[in-house]
Amino acid sequence: MAHEHDYQPGSMDISQHKKSYAGFIAFTKWSFAGIMLIMIFLAIFRTN
Numbered sequence: 009m010a011h012e013h014d015y016q017p018g019s020m021d022i023s024q025h026k027k028s029y030a031g032f033i034a035f036t037k038w039s040f041a042g043i044m045l046i047m048i049f050l051a052i053f054r055t056n
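Numbering (the numbering used here), first residue to last: 9 to 56.
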């Protein structure tokens, strides 16, 4: 394996990884907010 020693720690471009993670966090945050709104709506307008 000739390429074992070509790797330099910290030299990889991770900008796309950071953008994907930021998108995941935004999606999770907005999904949680939407679910909470639905839960509040259901609690207010529940029928017995």
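Beta carbons are placed, not taken as given, at the ideal position from N, Cα and C, and that holds for glycine.
Measuring straight from C-alpha to C-alpha, what distance separates residue i and residue j?
i	j	result
L71	G18	In this structure the chain extends from 9 to 56, so residue 71 is not present and cannot be described.
A34	I52	27 Å
F40	D14	43 Å
Q24	R54	44 Å
Y29	M20	16 Å
K37	K27	15 Å
F32	I43	16 Å
Excluding the five sequence neighbours on either side, which residues of its own chain have a C-beta within less than 8 Å of the C-beta of residue i, listed in chain order?
i	result
L50	none
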